[in-house]
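S.K.: If you read the sequence shown in our numbering, its first letter stands for residue 78, the second for the next number, and so on.
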Amino acid sequence: MAKKAEAAAAATESAPVPPRPPADLRLKVLKKFHGKFLPQGPLRVRHKELMTRWNSGEDHGNVTLEELKSLLDDWRASRAKPTKKAAV
78 MAKKAEAAAA
88 ATESAPVPPR
98 PPADLRLKVL
108 KKFHGKFLPQ
118 GPLRVRHKEL
128 MTRWNSGEDH
138 GNVTLEELKS
148 LLDDWRASRA
158 KPTKKAAV
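1. Under a three-way DSSP split, which group does N132 fall into?
2. From R42 to K81, what does the alpha carbon distance come to, in whole angstroms?
3. Is L115 helix, strand or coil by DSSP?
4. From which residue to which residue does the alpha helix (DSSP H) around R153 run?
5. For V122, count neighbouring Cβ atoms within 10 angstroms of its own Cβ and tell me buried if that reaches 16, exposed if not.
6. Contact check, L148 vs H124 under 8 Å by CB: the rounded distance?
7. With L127 and E143 assumed to form a contact (beta carbons below 8 Å), what rounded beta-carbon distance in angstroms separates them?
8. So is P98 in contact with chain C if we call contact Cβ pairs under 8 Å?
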């Protein structure tokens, strides 16, 4: 029994671990929309179109990082509170 454990340990040590593929940057931006409320309007329509393309196939419908970032920037701008003017 000890020989089997030693053989298994030797096999795992000698086998090289394949390098991990780089993370998809698009997922990092896409996760920011998870569980968030998008009110009805052009932002929700854009989000739905991107999500249908994203879920269309293995290449994620060629959704680009720039498309996701622009949607995120527009969504953040729509949620920004207006700044108060200083009293003179």
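We put the CB at the ideal spot given by N, CA and C, even for glycine. Computed from a prediction, not measured in an experiment: that's the story for all the values here.
M.R.: Quick look at the numbers:
1. As a first step, residue 132 must be located in the sequence shown, where it is residue number 55. The answer is coil: DSSP assigns N132 none of H, G, I, E or B.
2. Nothing can be reported for residue 42: it is not among the residues displayed for the chain, which extend from 78 to 165.
3. If you number the sequence shown from 1, residue 115 lands on position 38. It is coil, neither helix nor strand.
4. As a first step, residue 153 is located in the sequence shown; it is residue number 76 there, counting from the start. Its alpha helix (DSSP H) spans residues L142 to R156.
5. The residue given as residue 122 occupies position 45 in the sequence shown. So V122 counts as exposed.
6. Residue numbering aside, residue 148 sits at position 71 when the sequence shown is read from its first letter. Residue numbering aside, residue 124 sits at position 47 when the sequence shown is read from its first letter. That pair is a contact at about 6 Å.
7. Here the question's residue 127 lines up with position 50 in the sequence shown. Here the question's residue 143 lines up with position 66 in the sequence shown. Not confirmed; about 12 Å, so no contact.
8. Chain labels in this structure do not include chain C; a single protein chain is all it has.
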